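All remarks here apply to the structure that follows.
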Amino acid sequence: NAGVTQTPKFRILKIGQSMTLQCTQDMNHNYMYWYRQDPGMGLKLIYYSVGAGITDKGEVPNGYNVSRSTTEDFPLRLELAAPSQTSVYFCASSGVIGNSPLHFGNGTRLTVT
Amino acid sequence: TQLLEQSPQFLSIQEGENLTVYCNSSSVFSSLQWYRQEPGEGPVLLVTVVTGGEVKKLKRLTFQFGDARKDSSLHITAAQPGDTGLYLCAGARGGAGSYQLTFGKGTKLSVIP
């Protein structure tokens with residue numbers, strides 16, 4: 012089983028460029044999430060979605076946008092990249108039942124210079 | 031903002047030693063999850079504890095949820111190099127889904143052969 016797949020694995024952007032981080036899951040999970048992980052800072056929730064067509068802001072949404080047109084896909088868009096967005100980004104999915112575990116992808120390491 | 035404090039932040043021990051890492055909060059959680067993350071990969075769920083005072087064992091790993099559901103501990107017996115990684119605790123509030131997970135900053139464990 013593929014689980015949660017993220018692409019690309021690595022990316023270097025110049026300040027002001029835009030890009031989309033792709034995330035797809037094959038577990039038919041309704042819930043999907045985007046986190047960023049900075050050294051020593053744990054995981055911070057950027058955006059989440061409880062189902063196709065529904066998205067909401069997490070703890071650190073500024074500078075990002077998301078969409079959820081299908082159950083499987085949850086892309087994260089950076090419109091004007093800034094050095095503060097240098098981080099490792101993780102997509103995750105989970106079932107609807109409360110307290111269900113998160114299934115993470117292997118991350119995208121993004122550097123903005 | 032709820033905080034989950036993990037301690038210690040870093041731990042380096044010799045193979046065969048025992049260790050305990052802690053996850054503390056002033057908030058009550060409906061459940062608490064422990065994840066392990068290896069370099070270049072996403073976190074992987076180890077265990078979920080739900081009931082105050084609950085103890086769960088996973089081979090050499092013992093997880094405990096505090097009676098008041100505000101804290102948790104992870105004890106590893108006879109650590110092995112394969113236990114090396116970042117250990118993250120995450121607390122869930124309510125039963126509406128895992129999007130309300132709060133992550134600690136993690137404990138980075140190195141087990142030296």
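Residue numbers (the working numbering), protein chains in the order written: chain P, 12 to 124; chain W, 31 to 143.
C-beta: ideal position from N, C-alpha, C; glycine also.
If you're wondering where the values come from, they're calculated on a predicted model, not measured in any experiment.
In chain order, K135 make up the part of chain W whose C-beta sits under 8 angstroms from the C-beta of M52(P). The straight-line gap separating the alpha-carbon atoms of E47(W) and T107(W) is approximately 7 angstroms. If you check the CB distance, P111(W) and P69(W) do not come in under 7 angstroms. In this structure, the straight-line span from the alpha carbon of G14(P) to that of T124(P) is close to 32 angstroms.
Under the 7 angstroms criterion on CB atoms, N117(P) is classed as interfacial with respect to chain W. Of all residues in the region 41–63 of chain W, only S60, S61, Q63 come within less than 7 angstroms of chain P when Cβ atoms are compared, listed by chain position. The beta carbon of V77(P) lies closer than 6 angstroms to those of Y58, T66, L87 in the same chain, with the five residues before and after it left out. The secondary-structure analysis by DSSP pairs A108(W) with nothing; it has no beta-bridge partner.
The Cβ of P112(P) sits closer than 7 angstroms to at least one Cβ of chain W.
Boundaries of the beta strand (DSSP E) around K55(P): 54–62. Taking 7 angstroms as the CB threshold, F101(P) lines the interface with chain W.
The beta-carbon distance between F101(P) and Q48(P), rounded to whole angstroms, is 6 angstroms. This is short enough to meet the 8 angstroms contact definition. Chain P has no Cβ within less than 7 angstroms of the Cβ of E35(W).
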